[in-house]
Ligand SMILES: Nc1ncnc2c1ncn2[C@@H]1O[C@H](COP(=O)(O)OP(=O)(O)OP(=O)(O)O)[C@@H](O)[C@H]1O
Ligand SMILES: [Mg+2]
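Residue numbers (the working numbering): 1 to 275.
Here's what the structure looks like:
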């Protein structure tokens, strides 16, 4: 499959002083499912923002679909064929749903993308109904997005991203804050989308889902570099790597009257990591 995203020595600093990414070399091919894992502040969201052409490298180069991604093309008010092509192809679900939601009803929120693509009112209505059915949010249709619960908001954001039928989905912590049933449902949805040939890139803290939603895992270190880029199965089984990246930790706790040492995935309950 062709390489669709190619980062060459990409570094990024916010305001020129807060380092977020350091010398990232990464290629993603069409149809791949990749997870970005790493502790808070390691740079996962920044990396997704670069890949979505929302941020542009401070140094290094980012190529998407074979073209150099330049700020001038994405920022300018002038028409750009490549920008239109890119925005049709790639959809982003933000870590914070409130950043993404802006319409007065859920229907309008999901209809926004298809309308931008020039679909007719009837086509848009049909598409929105379809996506709401798929995401199981039809009953929220007339609700104001800002009045929804966190999990409902997340579902509306995912529905908006899917409404334009993008080839590439970038999702920042999509399972965070969702109840276990909804998490499982979402994992199954990603699996289906993957089988349908979509490229899916997910930043997550949820080590338990990594193997289910991706074949490949990229580990970001606290120094904002890539620490590993291997099969998801390999990464999740590598206890030393997870300890070094601060993604799991040793923890003493009590079983009956006996204290035992356990390894904990950083953000999970009391579950034993493989190793
Ligand atoms: N708007 C900003 N201004 C200044 N620094 C920022 C900004 N956004 C992020 N940073 C810094 O960039 C680094 C990477 O942040 P980023 O949000 O990409 O991390 P992350 O891996 O997504 O973290 P989390 O797991 O908490 O979501 C952090 O050190 C953070 O403090
Ligand atoms: Mg983040």
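Even for Gly, the Cβ is constructed at its ideal location relative to N, Cα and C.
For residue 137, the three-state secondary structure derived from DSSP is coil. In this structure, the alpha-carbon of residue 194 lies about 31 Å from that of residue 144. Going by C-alpha positions, residue 207 is about 42 Å away from residue 78.
Residue state for residue 67 is assigned as strand, using DSSP reduced to three classes. Counting every other CB atom within 10 Å of its CB across the protein chains shown gives residue 173 a total of 16 or more, marking it as buried. Looking at the backbone, the Cα of residue 118 and that of residue 110 are separated by about 14 Å. When DSSP states are grouped into helix, strand and coil, residue 1 belongs to the coil group.
A direct Cα-to-Cα measurement between residue 199 and residue 16 gives close to 31 Å. By the beta-carbon neighbour count (other beta carbons within 10 angstroms, threshold 16), residue 18 is exposed. Contact between residue 213 and residue 236 fails: their C-beta atoms lie close to 12 Å from each other, not under 8 Å.
Taking a cut-off of 7 Å from the heavy atoms of ligand 2, the residues with a C-beta inside it are 44, 45, 95, 172, 173 and 203. The C-beta distance from residue 47 to residue 21 rounds to 6 Å, short enough to meet the 8 Å contact threshold.
A straight line joining the alpha-carbon of residue 80 with that of residue 234 spans about 41 Å. Counting other Cβ atoms within 10 Å of its Cβ, residue 54 stays below 16 and is therefore classed as exposed.
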